[in-house]
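Here the structure is laid out as structure tokens; the discussion comes afterwards.
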Amino acid sequence: MSQAKEKTIEDGIIKRVSGPVVSAAGLDAKMNDMVYVGDEGLMGEVIRIKDELTTIQVYEETSGVSPGEPVENTGEPLSVDLGPGMLNSIYDGVQRPLAVLEGQLGAFLDRGVDAPGIDLEKIWEFKPIVKKGDEVKAGDIIGTVQETESIEHKIMVPPNFEGGKVKRIEKGKYTVVDEVCELDSGEKITMRQKWPVRSPRPTKEKHTPTIPLVTGQRILDGLFPIAKGGTAAIPGPFGSGKTVTQHQLAKWSDADIIVYVGCGERGNEMTEVIEVFPELEDPKSGKALMSRTCLIANTSNMPVAARESCVYTGVTIAEYYRDMGYDVAVMADSTSRWAEAMREISSRLEEMPGEEGYPAYLSARLSAFYERAGLFTNLNETQGSISIVGAVSPPGGDFSEPVTQNTLRIVKTFWALDASLAERRHFPAINWNESYSLYRNQLDPWLCENVESDWPDVRQWAVRTLAEEAKLQEIVQLVGKDALPEDQQLTLEVARYLREGFLQQNAYHDVDTYSEPGKTYLTFKAIKTFNDEAFKALSGGASIEQIQTVEAVPRLNRIGTAKDHTKFISQLEKEIADQLKELY
Amino acid sequence: MKEYQTINEVSGPLVFAEIDEPIGYGEMVEIELSGKGMRRGQVLESTDKFVAIQVFEGTTGIDKKCSVRFLGETLKMPVTGDLLGRVLDGSGQPIDGGPEIVPEDRRDIVGTAINPYAREYPREFIQTGISSIDGMNTLVRGQKLPLFSGAGLPHNEIALQIARQATVPEENEEGDSSEFAVVFAAMGITAEEANEFMDDFERTGALERSVVFLNLADDPAVERTITPRLALTTAEYLAFDLNYHVLVILTDMTNYCEALREIGAAREEVPGRRGYPGYMYTDLSMLYERAGRIEGVEGSITQIPILTMPGDDDTHPIPDLTGYITEGQIYVDRELHSKGVEPPINVLPSLSRLMSEGIGEGLTRNDHGDVSDQLYAGYAEGRDLRSLVNIVGREALSERDNTYLDFADRFEKEFIQQGYKTGRTIVDTLSVGWNLLSMLPKTELNRIDESYIEKYYEETPEGSKVEG
Ligand SMILES: Nc1ncnc2c1ncn2[C@@H]1O[C@H](COP(=O)(O)OP(=O)(O)OP(=O)(O)O)[C@@H](O)[C@H]1O
Ligand SMILES: [Mg+2]
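As they're listed, the protein sequences go chains A and B. For the first sequence, the numbering used here gives the first residue as 5, with consecutive numbering after it. For the second sequence, the numbering used here gives the first residue as -16, with consecutive numbering after it.
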């Protein structure tokens, strides 16, 4: 964020300070204008105007700020700097680069400091793709810059430009503030755009997504897939696996760009990303993962107003890369902290509280945020997408609370985390009976074509078996397993392998952590082979005890960690079939 | 420094006063009780006409005639290495009769956030000597790991056992230059409980390398909101300026939160869940997030907050919000306690989120993660069967099920049970684990890499060889 303090409109005077909320008199301001508060110039935003008083949420600690100090207006809404240099960076909630701040301030974040969101001095190699005389309009790509080893940054005509004929454009070395192109309309294009975070960037058209965001997580890709351009919520009590799942998606999903928003969560979790991602390779490109990642961190102990803005900062950056034609995935961990920040500010404004103290506009804000996801045709005719995965942290793990409920009304994929699964270290602790994906049908054609034609059938078989198990378990709780008929006991046995060999996936195991779709399919198939052969054996006269002691079967649970899974699976299937045939 | 005699309202822990000059938000205030001493407080809301003041030592005896002085700065903690060995009250005044404290620096107690970019991810294994922690929920240096307990449970014994036994095995061999220190902050605990800690600190000589802050049950409640901040400011100085490895014990966080609620109610704020303030999450995180490591700095802050869950209910806002901030939690369990298991730690809901990075080859042992996973799975399965066995009886269960029932029993009696005086090395802990796992057929050990089974599985398991 760099709001140069050039334009002063009319300074105001602070009248009241209450935590992150400050009121000032005499300020000539518009709603959502960025302001500088107090002698130290703390960054803030206008959130209410009433009579003489302007109310401001302040993005920094307000200790020591007192009535009588000035408030200076920039006259512009809260905006981000967009341009090359955002990837491989970590920002706070208002796009201050944390690496730069460390250099200026040391290990602790002090206040009243400002630094531009992108490096204004760094030199980039600009390559034009249009030439003098070409007609360009808003959104058009005029050139490229190699931003990181994996991402080519497209330089675009800002969406609010008129466009015109290219008057001058030249290949060469530029900083983001240098002019790289001039149009006959008189408009001058640099590699830096400014965009207000609360306004979505314009596109041409929104489409129904049909391609999955492949996550490399068996339960997600196999049972509850999300589309590129889709939305998902992942609610769960503390310690159930929201963050690990989102880290897994950030690491292994096949998006081009990842924007990871740590909203009101732990400092160490952001540090983990900074330390671990540079060492990991993108399974697709083999390039370092960090080179496609942008991090936004407003940790739980950072000022609460900046928590309210950090999700917008994140999604605006995502939209900018979408405009270039990339598939972007946004992880927001946790949207509950964002909602709570809204609640805190709202209560300091003494607004009329809605459900559980949340403001009445909670639901509207949530849907407006998730609406920024989608598969789009951009102004420049490229296609790009934004997928949003939002963690939700319900108090007491109770999904009936307002944030979870309002989110579920909007998103189309629901990954329900379950404390009792986490307790027994069944990870990912996603409850397969409660979760759902409304994208299944629209993604099936792609899966059939690109993975295996009977993918939907195999999945359906697994879904049925797991549902059957849930029903049978209720009976077992009353009478014990041995009281069931043998075929039902066998169904339980098969379901156990689905749970242990397919649904469980260890994020910390070098091999198991990522399962490409082909492997996910084969794992399904291997368990189905056991199912089919075992039922044949049962009807051929073998007993359930005999089937349970077949030596090869437990190895189904080792498919995930097997180094050469194709060989492992084909051998295993053969052995299982052979050994079962011996029983009858 | 201007004095006012303009108090126009006293309400619960709050005092409202008119002013005619600007007062900073969060500024310190002194209120003079006509000849009967002085109270300290802090500005909670500042306008150009009046201020709201939160009084730490309680408002009893304050009237409209009292004079109010604004000190022009926020609350500071005087810090120095000489604090080690000292006992202070809940607002940081020495109560041990020792010499006056000459500060090296005075630090703002609110603290500022550590830049995530400057943090170092915690990875150093701390051996607490307690199997249920070391083996199943490993603690690492720089972690915040609370004890979730209940009234009347032995959380203090566990905290003390950790403080006594904690070592970093690697360093014993290499000889570390940084020393270990304890910062202990009591908030509203009984004098008896406080003595339990003090006696243990004195007996083991730990007091010399400790700083103790005591706000006891009969001390002012509002003071509890500053005690942990004073303690953590001290801890930060010891860790990041003087390079100590600091273990901070905060007890009882429940009392701290009650004090927050009291202030919120007095301010007539819109309450959040169960009457606790809506900002309690943020408030607690500003304490807990002060744990950690900083790149390039030798010292560290490890936090063990203790909280007693009202009604043993972990969905209560205090444990709930804590669990959402800390890096795991250790559950002290009433049922295990009544069975006589010492320490009565229920590993199933317990968690250490920093475990995976702190264990394994070169840190503890390569089979550690797998063993822990398998013990979890086995114990969870065995415990599930207990309820079934009550209905259908053991005979109706399969041989496999019966084995798991026995496994769960032995797990509690041999792995968890060890007493408060015994310390086990990590190797001891893992061999108790393998001894139990060897009750199960090898094919059941599907969470363990085959090479480890080869190496550690006991073909003819005898009883556990390690003392329990
Ligand atoms: N797929 C997985 N594989 C292995 N372990 C996992 C997996 N998912 C979760 N875990 C374990 O669960 C722990 C808690 O997960 P995580 O930190 O993601 O929880 P959370 O839901 O984000 O909690 P909070 O709301 O408190 O942030 C992790 O530290 C890890 O030990
Ligand atoms: Mg999390």
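Beta carbons are placed, not taken as given, at the ideal position from N, Cα and C, and that holds for glycine.
Would the C-beta of residue i count as close to ligand 1, meaning under 7 Å from any of its heavy atoms?
i: Gly271 (chain A); result: no
i: Val248 (chain A); result: yes
i: Phe242 (chain A); result: yes
i: Ser397 (chain A); result: yes
i: Arg352 (chain A); result: no
i: Gly268 (chain A); result: no
i: Asn592 (chain A); result: Nothing in the structure corresponds to residue 592 (chain A), since chain A is present only between 5 and 588.
i: Ala426 (chain A); result: yes
i: Pro432 (chain A); result: yes
i: Leu331 (chain B); result: no
i: Arg336 (chain B); result: yes
i: Leu421 (chain A); result: yes
Return yes when at least one heavy atom of ligand 2 lies under 7 Å from the C-beta of residue i, else no.
i: Asp337 (chain A); result: yes
Please list the partners that residue i has in chain B, where partner means a Cβ-to-Cβ separation under 8 Å.
i: Arg20 (chain A); result: Glu28, Ser29, Thr30 and Asp31
i: Gly271 (chain A); result: Ala96, Ile97, Pro99, Arg102, Glu272 and Gly275
i: Ser70 (chain A); result: Pro5, Ile6, Gly7, Tyr8, Glu10 and Ser29
Tell me whether the beta-carbon of residue i lies closer than 8 Å to the beta-carbon of residue j.
i: Ser486 (chain B); j: Tyr512 (chain A); result: Shown here, chain B extends from -16 to 451; a query on residue 486 (chain B) therefore has no answer.
i: Met243 (chain A); j: Gly311 (chain B); result: Inspection of the sequence shows that residue 243 (chain A) is occupied by Gly rather than by Met. Contact flag set, yes.
i: Met263 (chain B); j: Leu243 (chain B); result: yes
i: Phe53 (chain B); j: Glu1 (chain B); result: no
i: Gly361 (chain A); j: Gly261 (chain B); result: yes
i: Lys126 (chain A); j: Thr179 (chain A); result: yes
i: Ser193 (chain B); j: Phe167 (chain B); result: yes
i: Asp350 (chain B); j: Tyr435 (chain B); result: yes
i: Ala364 (chain A); j: Gly245 (chain A); result: no
i: Gln25 (chain B); j: Pro(-4) (chain B); result: no
i: Glu323 (chain A); j: Arg376 (chain A); result: yes
i: Gln400 (chain B); j: Glu318 (chain B); result: no
Run through chain B and tell me which residues come within less than 7 Å of residue i, C-beta to C-beta.
i: Ala111 (chain A); result: Ile97, Asn98, Ala101 and Ile277
i: Gly522 (chain A); result: What Gly522 (chain A) touches in chain B: nothing, since even the nearest Cβ is about 23 Å away.
i: Arg347 (chain A); result: Gly261
i: Ala103 (chain A); result: Tyr100
So which residues on chain A does residue i lean against when the C-beta distance must stay under 7 Å?
i: Thr426 (chain B); result: Pro558
i: Met269 (chain B); result: Asn305
i: Asp356 (chain B); result: Arg429
i: Ala363 (chain B); result: Glu427 and Arg428
Residues of chain A with CB under 9 Å from residue i, in chain order?
i: Val123 (chain B); result: The contacting residues do not exist; Val123 (chain B) stays about 10 Å from chain A at best.
* To do: Entirely within the segment 488 to 562 of chain A and at least 4 residues each: give me those alpha helix (DSSP H) ranges in chain order.
  => Complete alpha helix (DSSP H) runs here, min 4: 490 to 501, 521 to 543 and 548 to 552.
Please name the residues in the segment 304 to 317 of chain A whose beta-carbon is closer than 7 Å to at least one beta-carbon of chain B, in chain order. Per Cβ criterion, the list reads Ser304, Asn305, Met306 and Val308.
Q. Got a sec: which bits of the segment 463 to 496 of chain A sit with their beta carbon under 9 Å from any beta carbon on chain B, in order along the chain?
A. Answer in chain order: Val480, Gln481, Leu482, Val483, Gly484, Lys485, Asp486 and Ala487.
As an exercise, report each continuous beta strand (DSSP E) stretch of at least 3 residues that is fully enclosed by the segment -11 to 44 of chain B, in chain order. DSSP runs (the beta strand (DSSP E)) wholly in the segment -11 to 44 of chain B: -10 to -6, -3 to 1, 10 to 15, 21 to 30 and 33 to 38.
Within the segment 294 to 365 of chain B, note down every full alpha helix (DSSP H) run reaching 4 residues or more, in order along the chain. Runs of the alpha helix (DSSP H) lying entirely within the segment 294 to 365 of chain B and spanning at least 4 residues, in chain order: 300 to 308, 317 to 321 and 338 to 341.
Residues in the segment 331 to 343 of chain A having any Cβ partner in chain B nearer than 8 Å: For the segment 331 to 343 of chain A, the residues whose beta carbon sits under 8 Å from a beta carbon of chain B are, in order, Arg341.
Check: Can you list the beta strand (DSSP E) stretches of 3 or more residues lying completely in the segment 93 to 166 of chain B, in chain order?
Finding: If we require 3 residues or more, the beta strand (DSSP E) runs fully inside the segment 93 to 166 of chain B come out as 130 to 132.
**Study point:** Residues, ordered as in the chain, of the segment 388 to 404 of chain A that lie near chain B by beta-carbon distance below 8 Å
**Key:** Those would be Ser397, Pro399, Gly400, Gly401 and Asp402, in chain order.
*the segment 308 to 319 of chain B: which residues have C-beta closer than 9 Å to a C-beta of chain A, in chain order?*
Those would be Ile308, Thr309, Glu310, Gly311 and Gln312, in chain order.
Open item on the list: Short of 8 Å Cβ to Cβ, which residues in the segment 356 to 369 of chain A face chain B?
Closed with: Listed by position along the chain: Pro357, Glu360 and Gly361.
- According to a CB-to-CB cut-off of less than 8 Å, which residues of the segment 246 to 258 of chain B neighbour chain A? Residues passing the 8 Å Cβ filter: Glu252, Val253, Pro254, Gly255 and Arg256.
inquiry  = By the 8 Å beta-carbon criterion, what residues does the segment 326 to 337 of chain B contribute toward chain A?
reply    = Residues of the segment 326 to 337 of chain B whose Cβ lies closer than 8 Å to any Cβ of chain A, in chain order: Leu331, Pro332, Leu334, Arg336 and Leu337.
Beta carbons nearer than 7 Å to chain A: which residues of the segment 77 to 95 of chain B have them?
The residues in question are Val93 and Thr95.
Closer than 7 Å between beta carbons: that is the criterion. Which residues of the segment 383 to 415 of chain B meet it against chain A?
Result list empty, no residue passes.
Tell me the start and end of each unbroken beta strand (DSSP E) in the segment 195 to 235 of chain B that is at least 3 residues and wholly inside, in chain order. Within the segment 195 to 235 of chain B, the complete beta strand (DSSP E) runs of at least 3 residues fall at 228 to 234.
### Message
Under 9 Å, CB to CB, which of the residues in the segment 101 to 121 of chain B have a partner in chain A?
### Response
Result list: Ala101, Arg102, Glu103, Tyr104 and Pro105.
Selection of the segment 193 to 223 of chain B by Cβ proximity to chain A, strictly under 7 Å
For the segment 193 to 223 of chain B, the set of positions with a beta-carbon nearer than 7 Å to some beta-carbon of chain A is empty.
message = Please give me, in chain order, every unbroken run of the alpha helix (DSSP H) with length at least 4 that falls completely inside the segment 280 to 340 of chain A.
response = Fully enclosed alpha helix (DSSP H) runs of 4 or longer: 308 to 327.
| said: Could you tell me which whole beta strand (DSSP E) segments of length 3 or greater appear in the segment 373 to 457 of chain A? | reply: 378 to 381 and 387 to 396, all fully within the segment 373 to 457 of chain A.
Item to check | Contact set between the segment 508 to 521 of chain A and chain B, restricted to residues whose Cβ is under 7 Å from the partner | outcome: Residues of the segment 508 to 521 of chain A whose Cβ lies closer than 7 Å to any Cβ of chain B, in chain order: Tyr512.
*At which residue ranges does the segment 57 to 104 of chain A contain complete beta strand (DSSP E) runs of 3 or more residues, listed in the order of the chain?*
Complete beta strand (DSSP E) runs here, min 3: 57 to 62, 74 to 81, 83 to 86 and 93 to 95.
- [ ] Scan the segment 40 to 71 of chain A for residues whose Cβ lies nearer than 8 Å to a Cβ of chain B and list them as they occur along the chain.
- [x] Taking 8 Å as the Cβ-Cβ cut-off against chain B, the residues of the segment 40 to 71 of chain A that qualify are Glu65, Thr66, Ser67, Gly68, Val69, Ser70 and Pro71.
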